[in-house]
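A short worksheet on the structure shown next.
Residue numbers (our numbering): 11 to 108.
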């Protein structure tokens, strides 16, 4: 019974660690952002969320930016960016900051 509990715990731990690993995918060449016109803000207190890249198969696909309201007036959005890594480039997603 102790062996079963030990191995079950070990398997759960390994699966948990595996699920927490980095999901960043390295590409050899930094993709070029397509050009599009940013629309006007739909109203006051909106923040522009710039275009971003999502992993798709063996690369990334681009998604145009959009306007959104922050959950708090004290927060601002930091856009995502490409970061040089060994072997190529990875996309670092944007996020809200205080």
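Ideal placement from N, C-alpha and C gives every residue a C-beta, glycine not left out.
When DSSP states are grouped into helix, strand and coil, residue 64 belongs to the strand group.
Annotation for residue 70: the continuous beta strand (DSSP E) segment containing it runs 69-73. About 7 Å separates the beta carbon of residue 71 from that of residue 63, a gap short enough to meet the 8 Å contact definition.
For the 8 Å CB-CB criterion, residue 92 and residue 106 do not form a contact. The shortest CA-to-CA distance from residue 49 to any of 61, 39, 38 and 41 is the one to 61. Closest in alpha carbon position to residue 89, among 76, 78, 103 and 46, is 103.
Approximately 5 Å separates the beta-carbon atoms of residue 97 and residue 36; this is inside 8 Å, confirming the contact. In the DSSP assignment, residue 53 is bridged to no other residue.
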